[in-house]
Structure formats: structure tokens, C-alpha cells
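Protein sequence lines correspond, in order, to chains V and F.
First residue of the first sequence? That's 1 in the numbering used here, and the numbers climb one at a time after it.
First residue of the second sequence? That's 691 in the numbering used here, and the numbers climb one at a time after it.
As C-alpha cells, the structure follows; a few thoughts come after it.
Protein chains: 2
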Amino acid sequence: MIFSYKFGKPIETGAVVDFDGIKEAEFEKPRRFSLLEEGGGFCFSLVLDDKAAVYGLGENIRGINKRGWRYTSYCSDDPFHTESKQSLYGAHNFIVIDAEEPLGVFVDIPGKITFDVCCERSDTLKIITEDGDFYFYEITGDSVKDIIRQFRVMIGKSYVPPLWAFGYQQSRWSYPNEAAVREVARSYREAKIPLDAVYLDIDYMEGYKDFTVDIDRFPDLGALSKELKEQGIHLVPIIDAGVKIEDGYDVYEEGVKNGYFLKDKDGKDYVTAVWPGKTHFPDFLNSSVRRWFGMKYKRLTDMGIDGFWNDMNEPAIFYSERGIKSAWEKLDNVRGKNVDMSNFFAVRDAFASLSNSEDDYKSMYHNMDGEKLCHHKVHNLYGYNMTRSASEALAEIKPNERVLLFSRASYIGMHRFSGIWTGDNQSWWNHILMNLKMLPSLNMCGFLYIGADIGGFGGDTTRDLLLRWLALGVFTPLMRNHSALGTRNQECCAFEGQEEFRELIRLRYRLIPYLYSEYNKANDGFEMIFRPLMLDYPKDKFARDVEDQLMLGDEIMIAPVYTQNAMGRYVYLPEDMLLVMFDSSSSFKTEKMKKGHHYIEVKLNQLPVFIKKNRLLPLCEAAESTKELDMSRLELIGWVDEGAEYILYTDDGISRDDKSKRVIKLSARGSEIKTDCEAFKAYDGGIVFE
Amino acid sequence: MIFSYKFGKPIETGAVVDFDGIKEAEFEKPRRFSLLEEGGGFCFSLVLDDKAAVYGLGENIRGINKRGWRYTSYCSDDPFHTESKQSLYGAHNFIVIDAEEPLGVFVDIPGKITFDVCCERSDTLKIITEDGDFYFYEITGDSVKDIIRQFRVMIGKSYVPPLWAFGYQQSRWSYPNEAAVREVARSYREAKIPLDAVYLDIDYMEGYKDFTVDIDRFPDLGALSKELKEQGIHLVPIIDAGVKIEDGYDVYEEGVKNGYFLKDKDGKDYVTAVWPGKTHFPDFLNSSVRRWFGMKYKRLTDMGIDGFWNDMNEPAIFYSERGIKSAWEKLDNVRGKNVDMSNFFAVRDAFASLSNSEDDYKSMYHNMDGEKLCHHKVHNLYGYNMTRSASEALAEIKPNERVLLFSRASYIGMHRFSGIWTGDNQSWWNHILMNLKMLPSLNMCGFLYIGADIGGFGGDTTRDLLLRWLALGVFTPLMRNHSALGTRNQECCAFEGQEEFRELIRLRYRLIPYLYSEYNKANDGFEMIFRPLMLDYPKDKFARDVEDQLMLGDEIMIAPVYTQNAMGRYVYLPEDMLLVMFDSSSSFKTEKMKKGHHYIEVKLNQLPVFIKKNRLLPLCEAAESTKELDMSRLELIGWVDEGAEYILYTDDGISRDDKSKRVIKLSARGSEIKTDCEAFKAYDGGIVFE
């Protein structure tokens, strides 16, 4: 049951699309909460007992159980995802309280909101909004799982990428020119490490201008794209939110002419600086701007591009004209005087504090289809609407073909238009675990096409870190290795012992039928792909406590190694399972394991997969790209004594409509394997235990 | 066997004091290493097999096994101890390679040195010195343990603090005045949470001038000290390395007059700025300066102070005159022009990059008893010699009484003069584990009196974080809760549910006979107090892999919980042990556990201790301060079937000589408990299993 409470005059965010199950509440306030008005906003508080867990909040630091910290939704470009942080790039205001009477809460507010999850006081949840205009949804249900499902129905189905977006993808800030991109492709193909995409970070553009290509470095992007696509490799360029201020640059000139940019309080185009230097930000909350900007992507799709990543759309700001002015003023006050302790820190921070300044967000204005709105109040909708702009236009530009699209900033609702990557993480071992923990939290909030920068974006990776991270990455829908300027080269081919990289990534390709099937199954059924164990085993107290293993789809459980120099790890089995320990993409050992606590050894070249009893994991043959995958010949693995079935969801991996969609039943009993579909009759080496 | 190799003209650091076992090598280079000259320094490299582990490097990030990262010894004031960092506050150039033929290496070099422990290449250890003047010691032995013992003998015994330094200590930057200090003492005593010390951070001084007291805020420090000491509470003030430049300030004037400060290349006193604003740094490498500065501590000991922490002695620099000048020059180049992307980052970082600049370290000069030396070349000796200065003077000032002394910066050799705390950590869960991992690494390098800021220095702690951290802190010799300006109050009394804090800290006091005894035993025998399991169980492959449990002394193993919201943890028992699960300081349950892997539940108020079979853990009664502890009445806990003995080392906890030292044998067989000492004949409630 979903009750909606309207506070003030909410801004329509588009997060909720299915209102069928929602009742407007007749009560004055959400029943279980105490309510206080505080400085224009509200504070909802609820005392929780010791054992209650709180899930949700999407892209955030800390545990799957969010208890014990405060989280603020205010999309932030912050590359140091430590335990102290309160905001990352996304704003995902959905939580589920796992108490005796479970309760879901979604606060549909585009401005700042804080969830103090038993941080200030260890027994009290507080939800604090900065302003008074929002919808508050209270969702009750039989179980946490049921509540999440209701929420997912309410916000609508998720974006589905093309099949090739499930292949391995290689990125770096930046491959500087055609030769460098070709070299990446060549080195992967030569090492026989599968690859489906190479990314173009900001340096492919001419002067960091959106929808331009630097022809000195990329003389013929169309030809390069074609050449690589023949090898099964897609080029994926970045698009930034800021539009360079430069006379003669059509995007800038059209934007100015049509009043398409964010304004200052006097109605002048607001000047910020990002990669290109001075920029204006398109007003993506305006539908005309969305269509105008979105149709610009055609310039790149016309060159054969079929994948994009939208970046810097919190929006990130290096500095603004307003900010620089105030910084010089601070310095002028000191000039002539000595810099000493009384002013050193002020001077030092005068420039350093300009980036992503809330003062700028408070000084910019939108025209939301006629209504003037301060950006600060709708801050969390910006990246969402930039990506909606791209998505809606691409549906028009390529009506018969899915395009890969994901964004850095996000808000619930954007999950219908694209995926996300989880931003500028670091080459830290604890970020493997953070990556894992975000997966179910994001799934709850609707985001299915997700992944982190494998190997870590900032800082130098090491060979063992990259291998262990890949062993989680083989399971994430977006499997991309990306690293920052100035860091060590992080492509698999940059390290000794390439065989271990090759075999792990080949294994990913073998898993694609399963990953793709479970992705679509979860989407159609409003389920999560990645689930904490507590969701499937709510009565098992050990399962409730597990924060480093996940259920993946209906058949398997994953438990990656995420500590350096470890020879293995502990794992909890909530039921009997078959451990399949892959030594390579083609060889594995199995072990029947009982429900309970276990220690498993996992070498750097190994990948453990736990298959539930009487369930089946389908595997295809590996290939160098998804284009080469033959998903009609599947090997099945499982520990089957009663007989088992696997329902494979598949399609042509390209079309936007459902015409190519197929649901195929694979069944196993003893050593006999059956399918209900002619095209899938060929099986090879199925391993089934009785 | 220890071989010494002399390269160039080494600076005598004083790290090594026992030369008896050391042979000057007749070989040209350390035999197992390849050697290359590189830009004035040397690179020693050694290929390691997959299974070789590398221990050591003292205060550093990452694992007990240091494999998989590069570490640079260059004492650094850096408050963000993330996995990316290469230098913290200490320089501890000792490693042991745990391979088929184990090997120890100590490089006695006071300048920069990097240990690339299989980071660049996953199979190669590289040791790279920046200059060519150093001693390289190669230590061979039967085992890792044996090599560490040889090294410890070579560098001499460690500092021993007074007994009260084993009590619980409360700190904050800063308790602003007498009233605030009294309030801390009052609140602990009222809550019956034991307390032995309250710290005075920088604000007790007048204008941050060393050896002054701000009489507005602390009108009579002597009286305050006396009043608190009657309650069993010691005051511990901070001393900073930098001396304020201020006419009339005697320390400054004497230093200038006698030429006691670091100079620039032209011989002028070098001007830096730290807390007081402009400062000079005493030239602690000069013996006259050490005596002069050290004797100043008498001003505080005369007020009854008997504990000090030396800080900012890497030395930390906020900025220098040289730096400020160059920053303004950068800005002047931009002034008049627009700040844009071509110069924004340079402008932004002009001031921000001034702190702890290597350019300053390269611009300062020492007079090391006659020899002029660039600071950069001897950087890592600075904090060590500041603390040696204090230690030597305090031995003169208080010849019959031990003084609490610890430092932030350090070098091997300083362990003979003081302890260290591990600097400005954060209120992060992963810093509990970092705290644990540093303990054995520091012990190997001679540092026994050690501890981290419990609850975390930077950032806001939470109640659960503080409780779990205290549950490790009860075992560390220095048990201090400390937090930074601007963070949430972190005293135990600031949180709800004080009983759980009280019981944990009372338990600490019950453990003091054991902790104190094992401290002195380890020191006398050149052993480590905290040991990774591999050291005691070198043939047990699971023990070799454990990075989150430690052997503590000869009797017990510890395994704290370090993840948020966890109901327990996995633990590996390398032999049969008795789990003693304390629910409070006075109640516990025991469980006989078999060698192997286990999951144990540990509630927030619980503390698990594992006692080895046929070993005994002595406990005294809890008390509000160490002054009240009665260590002659001990309860013994153990799982004894053959009979067991515990050798208690004790003394009066005060004297510098050994006259009060006693070694007492406690033995148990069945329910019979014996002691070989009259004064220790009373036992109470001994729990012994047969």
C-alpha cells in the first residue's frame, strides 16, 4: 500500500509514473513519524529498535544497511569517496526500514534532503528536508522485498542497453588520438582479451566543445568508428554538461539566441568554467532545451557512434565569474598586508573553495517551461534531465536501435532513460567492496545498468587490485575499466601475466546469456538483479548480516575477494549451494557445500560462483566480442537432484521494440537436458549433478 | 647473522646501538639483491616468489603484509590516511621478507627512501634511495621471528612509560580552559568511567608559544594539575616543534642569540609558519640545541606535569616566507589577466601547495655538531631528535620518575626515547583495521608504546564506531580518545548509553596487569607485544593469511569487530583456545573452541578474548584510575588441563631504575592456584577449566 503526502507546492520531477497503487493520504502526516517544521523544511523522525536495518539511498558510501551515518542528497562532484562523505553524484531518496512492520519511504524532492540514519542518536532515523515543497510516499507491505517491488512499479521500468554494452569496455582519461585508440583495440585483440568498447574522454573534442571532434587528433572519427566496429568494438564518446562560450560555436550561439542557458538573478546567462574554460549550462529543465540539446547527439550518431556517457552534470563547476570576483576581493584585502596565520587559510582557500560552490548553485536560475526556479531548489534534477534530453532525442534519431547511455549525476526517474556509472572512485581495495554494496542499493532505486570504474579511477592501481576488481566486474552490467590522467596505465595489457586477465574477461562473456537474461527478467518483473542476502532469506540472522556477498539473479550468489594479498575469504551460504570455482574461462572445479559458514581459497586467477541447489547457470562459449557470441549453444551447470529449469530471456540485443524478445525454457533432470525452443536445441558439455 | 654495508658517507643516525652481532660485509653489495646506481642513489631489487610476504615498515597504510604497494619514508603531516598514501609521519626502514630463506633489511638513511614492494611489478621488491650515503643491513636467520629479534637487539630496548600511561586517556583539540578540563574529569568520574589523563592541545599555550601557558584560560595550571592528580588524573600538554618569532619571548630570543635555529642557505634563520604564525625550527640535530630545548620542559614539570606529546615535528609547515613570496609571484603574473582554465589550477594551487613543501625542506640547513647539512637529507631525523631532546632532559629533570612522552614524527632509534601515536586518522571504520595492522609493524621496528586516536581524529564519529574502536583500544598500550576541532564531541560521556563505555574501559583496567607485564616482558626479551599469527604459527597457511587478528603477548589472541552494523565476525584459531566473551567488566561466558575457522557473534557491549590452551590471563579488579589498581589480587582465567604458569612482570610503575622490578610466577593446576611470592598470595575467583 502506498500513501502519498503532499507538502507545500511540489515540483513535478517525473520520478513517479505509475499512480495506480498510490492513495492520497487522509492523514496529516506520515503516520509512523514524528514531524517538526524546521527552518522552511521538515524533519520526520522515527525511533528504531536495535535490530532494525535501513536499506536504500542508491549511490552512497557505507553499508548496504545504511544505519549509522547521515547522507545528504545533493548531487556532488567529489572524487574522494571516503567514509566521511555525505553526498556523491546521485540523489536517490528511497529507503526501506526493515523492522517488525517494514516501511518504505520515498521523498520526491529535487532539492537538498538529509537522511540521518541513527547517526546523531543511535536509535533515531531523521529525514530532514531543506524546503517545504515535496511529495512524501509511505509504502507498507508484507516484506522488504514487497515494498521495493511496489516502489519499482511506481517509478517505472528501467533503461535497457544494447547487448554489446554487456561486453568488456576499456576507458582512460584520455586516449589522445586515433593511434592511441587503435593501439588499445590492437593490444586487446592481439592478447585475445575480449573487448566491446573503447571510450573517448574529454580530449577527443575540439577545445572541450560538446559535439565537436578535434580533427588534428581524430581526423575521421566516422572512419575510425567503422573500422573498429568491424572488429566488434564500439567507440563511446563523453558529453559534458557545460557549453563553451566561444563566438562562432553554433551550440553556444543558438543557446544564447534562444535563451536556452541558465541565468543569473538578473536574467543574464550565468558564466561558469569547466573543462573548456568559460561555459554556460543548458537549462535542461526546459523541454525545448532538452529537445534542442538532445538532437545534437545526431552529429555523433551520424559518424556511427552508438554509445554515450554524460558527465559533469551535477553540474560540476570549477569556478564561476562570481566566484573568481569574490576570490580576488579576498586577496585584495590581504595584498599589501602580510599573509600570516590570521589570513593564510582564508587566502589559501579563496580559490580552492570555488569549485562546486553552493553559492553558485544558489545564483543560477531555470526557466522550467515558464516557471522561474532557483537552481539550488531543483539541483538534483539537472543530470537527470540532461540525460533525458539525450535519451528522448536518441529514441527519435535511432528509433529501431538501442543506444548505450549512462550518466554521472542522477535522480530517481532517470533510471528509465539510462544507466549510471558510480563516478570517480579510487584504486583502493575498499572501493571494490563499496562497488559491491552500491549494486543492490542502486537496484532498489531503479538503476539496473550500473558499474564502477574497475581498477579505480584515481590513483595507481596494482595488478592484483585490478584482477580482484575484475572478478567482481565480470558480474556488473557495465563492466568498464577506467582511469584518470596522471595515473599508471590500467589497461589489462599494461600488466605482466595477461592470461589471467584474458581468462577472467572471457568468463564474463560466457556469463552474458545469464546476465542479460536476468537483467531483463528483473526489469520486467520489477525485481532487483543484485540483492543482499537478507532479501531472499529474511529469517536467517546470518544472512541479514552479510554485507560482502550478493544474490545475482535467481540462480547464483557471488562473493568476491576484496582484500590485498588474501588467499581467500569467508562466505556464508544461506542454503546448500554448488561452488563452481573457475580456474580459467574453460575449466572449473565444483564442490557441493552445505548451508553455513565456510572459508574458501580463491587464487588471483580464480572466480567462485555459488549456484543454488536445483538451479542452473547457463554459459555460452567465450568470444572476442558480443557480436561473436553464440547464445543459442549453452552449457548448463548446477547441482540438480529434483530436476531444474532455467528461463532464458533473450532478444536480438538491438531493437527498441519487443518483437525479437524470446522466453525459452531450459530444463535438466539427471543428465537429460531439454529446451522448449528449436533454435536452442544444441547443448554442449552440460554439467549436472544428481 | 647481520651484515652491514656502508654506502658513501653515511650520517650517524643513532638508530643502531648494539654492534656486537654485526659484521662488516666483505661483499660489494647485499648478496641477494641486484644493485643499480640511479641518479645519485641506489636501487636494490629482488625477485620474490608468489608466496613470499613482506613485513615491516612500521607506521604505514595497507596490510601487515606490505606486498602490493610502494611506501616512501619521508615524515609527512598528512591527515588523510587513505590507501593511496605513501608516507605518514614516521620513517621506519625495516622489512623482513618471509620467503624460503627469510631475510631482514634495515636501511639506516635519514633521507628519502622508497620500498616498492611488488607494486610496479608484482614479483619484484625494489628499495630505492634518493642519495648514496647510508648503511644497509642484511639480517639472516632461522625464521622471521628470529630476524626481528636480532634487529631489535641491534636497535636497543624501548621506552617504558609510567604505569598510569596504561590508563584511559581523553583528549580533544582543544579543551579551551580550566573549566572545560574540569568538566571532562567530572563527567568521567560521575559516570564512573575510569580515566587517568586529560590532554591539553595547542590552545593551552599563550599564542601557541611552546612552554607558555595562557593565564586567561589556565590561570593556575599547577593548581589544576595538583587538583586533578588527587583524582588520579594527569594533565598532558602538547609541545610543538616550531618556536614563535616574537620579541620578548625568551625561547625565541635565546634561540636566535645562540644560533639554535635552522638556517637558510645564507645562514639566516629560516622563517616558516605553523600555529603561532611565523616560527623558527630548533636545530634538534645539534646536541647543544637538544639540551637547551629539552630543559625548557622543566617549566611544565615544575607545575606538576609528568606527560607530554611532541607534535608537528615532521616538521609540519603551513607555509614559509619563501613559499608565500613565490605564491604572490604566481598570482602577480595572472593579475590583470583573466583567470581562466589556462591558469586557474595554478592560481588555485599557488597557496594550497605551500604546506609541507619539499622546496622548504630543501631550503633549510642544520648544524649537526659542526657539520652543515641540508634538512632534506636528514629530514626523517627531525621529530626523533626533538623527542630525544625532551627525553634526555626529562631524565635529568626527573631522574627518579618515568615521564609519559610520545611523538608524532619518528625514526627507528626514537623508540628508545618515547612512544608514538599514529597521527591524524579519521572516524572511519577502516581506520580501526589500519590501527590494528600498524601495531605489529611498529613493534617490529622497536616502537612499543603506541596507539591511535580512538574514535578517529578527523570527521564525526558515531556511537557504534567509538565502541568498536574502544574494543581494540582496550588492548593498546596508549589508549587515548582524541578528536579534532570542528568535529562532534567524542568523549564517552557525549553519547547515550554510557554503561557500555564504562564497562569496556573498566575491562581495560582489569587487563592492565597483563598488558603491563607483557609490555615489559616483550621489551626485556626483544619480542613483539602484538604479533601477526604467522609469526607464531609459520607453517599454518591460514594463520599466514590473517590480517585482522593479532597475538597479544604470550597468552592471548585478539579479534576485534571493525565493520559497521556487524553482529559478529569470522575468526581463525591456529590452535585450540578458550573464548572469553565479556558482557561487562565483571561478567563473561567462556567457550572451548577448536583450531579452525569460526564465526562469533559479538554485540556492541561485548569483548572477545581468546586464551591459548594451558595459558592464563590474569585480571585485577577494575578501578577509576591506575592509582587505585590493586595488582596484587589477580583473577586467573584459562583452559588448563595440564597445568599452566603465568610469569608476571611488575614494578612500582614509576621508577626509572629496576629496583622495584619483580618477576612473579603464578601457576594453576586443577582448581589449585599458587604464587611464588608472598605479596601476591591473594587470589579471587580464579576460573580454571580442566
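Even for Gly, the Cβ is constructed at its ideal location relative to N, Cα and C.
Simplified DSSP state of residue i, which is helix, strand or coil
i: F/W863; result: coil
i: F/R709; result: A small correction: the amino acid at residue 709 of chain F is Phe; Arg does not occupy that position in the sequence shown. F/F709 falls in the coil class under three-state DSSP.
i: F/N1210; result: helix
i: F/Q840; result: helix
i: V/F417; result: coil
i: V/I529; result: coil
i: V/I193; result: coil
i: V/V289; result: helix
i: F/L965; result: The identity of residue 965 of chain F in the sequence shown is Trp, whereas the question assumes Leu. Note: F/W965 maps to coil in three-state DSSP.
i: V/S158; result: coil
i: F/W1118; result: coil
Minimum Cβ-Cβ distance from residue i to chain F less than 9 Å
i: V/F80; result: yes
i: V/G141; result: no
i: V/L331; result: yes
i: V/I505; result: no
i: V/A53; result: yes
i: V/Q490; result: no
i: V/P276; result: yes
i: V/L88; result: no
9 Å Cβ cutoff, residue i in contact with chain V
i: F/Y1336; result: no
i: F/V1037; result: yes
i: F/L1155; result: yes
i: F/I1144; result: no
i: F/V1029; result: yes
i: F/I1014; result: yes
Residue i, buried or exposed, once every other Cβ within 10 Å from all chains shown has been counted against 16
i: V/S4; result: buried
i: V/E59; result: buried
i: V/K209; result: buried
i: V/E371; result: exposed
i: V/I61; result: buried
i: F/N1000; result: buried
i: V/M205; result: buried
i: F/F1220; result: buried
i: V/D77; result: buried
Top-ranked residue by Cα proximity to residue i, from the options
i: F/K1015; options: F/R1192, F/F1041, F/G997, F/S1032; result: F/F1041
i: V/K29; options: V/V474, V/W173, V/V105; result: V/V105
i: F/I1301; options: F/L1268, F/M993, F/V1330; result: F/L1268
i: V/F136; options: V/I109, V/L125, V/H376; result: V/I109
i: F/V1251; options: F/A1334, F/H1121, F/T969; result: F/H1121
i: F/V926; options: F/G1333, F/A705, F/S1097, F/Y1204; result: F/S1097
i: F/S1032; options: V/L57, V/G207, V/F501, V/E38; result: V/G207
i: V/T487; options: V/V256, V/L604, V/S427; result: V/S427
i: V/G638; options: V/A623, V/V251, V/F308, V/E672; result: V/E672
i: V/I2; options: V/R152, V/L629, V/D250; result: V/R152
CB contact check: residue i to chain C, cutoff 9 Å
i: F/Q1239; result: Protein chains in the displayed structure are V and F, and chain C is not among them.
Task: Contact between the region 795-814 of chain F and the region 1151-1166 of chain F (3+ Cβ pairs under 8 Å) - done: no
Original post:
Do the region 509-521 of chain V and the region 540-558 of chain V meet, that is, are 3 or more Cβ pairs less than 8 Å apart?
Top reply: yes
Would you call the region 646-656 of chain V and the region 391-411 of chain V in contact, with 3 or more CB pairs under 8 Å?
-> yes
| So does the region 587-601 of chain V actually touch the region 773-793 of chain F, counting three or more Cβ pairs closer than 8 Å? | no
- Item | Segment contact, 8 Å Cβ cut-off, at least three pairs: the region 1104-1119 of chain F with the region 1136-1151 of chain F | yes
ask   = Counting pairs of Cβ atoms below 8 Å between the region 292-302 of chain V and the region 1048-1055 of chain F, do you hit three or more?
value = no
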